[in-house]
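Peer 1:
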Amino acid sequence: MYSVILLTNSGELPYTFYYPFQSEAQKIVDKINTFISNSQEELVTVTQDRSISLNLAAAICFIFGIFGLGLTLYSYISTLP
Numbered sequence: 005m006y007s008v009i010l011l012t013n014s015g016e017l018p019y020t021f022y023y024p025f026q027s028e029a030q031k032i033v034d035k036i037n038t039f040i041s042n043s044q045e046e047l048v049t050v051t052q053d054r055s056i057s058l059n060l061a062a063a064i065c066f067i068f069g070i071f072g073l074g075l076t077l078y079s080y081i082s083t084l085p
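Note that the sequence shown covers residues 5 to 85 in the working numbering.
1) So is Y23 buried or exposed if we call it buried at 16+ other beta carbons inside 10 Å?
2) What is the DSSP secondary structure of S7, counted as helix, strand or coil?
3) Cβ of I32 within 7 Å of Cβ of V8?
4) What's the C-alpha gap between F101 and A63?
5) What's the gap between the Cα of Y19 and the Cα of L11?
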């Protein structure tokens with residue numbers, strides 16, 4: 005897990021962004037650095053996409069569900085005469 009902590013002249017902001025991959029964290033850092041170096045910009049929006057974590061959790065649940073269904077069917081079929 006990679007974290008991005010935003011620092012200002014007055015200190016650290018209370019929110020830390022966490023990313024599962026370094027490339028995602030690096031994209032956010034690059035976006036913030038570009039904003040800081042470009043004085044014409046007035047606003048930068050930083051969001052955290054949790055869809056990768058949710059998709060991974062859903063895939064794991066799906067795999068365990070299929071495994072459990074397979075065991076149930078195997079148990080049922082093995083009890084048939």
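We put the beta carbon where it would ideally sit given N, CA and C, even for glycine.
If you're wondering where the values come from, they're calculated on a predicted model, not measured in any experiment.
Peer 2: Based on what the coordinates show:
1) The residue given as residue 23 occupies position 19 in the sequence shown. Y23 counts as buried, since at least 16 other C-beta atoms from the protein chains shown sit within 10 angstroms of its C-beta.
2) As a working mapping, residue 7 is identified with position 3 in the sequence shown. The answer is strand: DSSP assigns S7 an E or B state.
3) For this step, residue 32 is matched to residue 28 along the sequence shown. For this step, residue 8 is matched to residue 4 along the sequence shown. Their beta carbons are under 7 Å apart, which means I32 touches V8 by this criterion.
4) The first residue shown for the chain is 5 and the last is 85, placing residue 101 beyond what the model contains.
5) Here residue 19 refers to the residue found at position 15 of the sequence shown. Here residue 11 refers to the residue found at position 7 of the sequence shown. Rounded to the nearest angstrom, the gap between the Cα atoms of Y19 and L11 is 10 Å.
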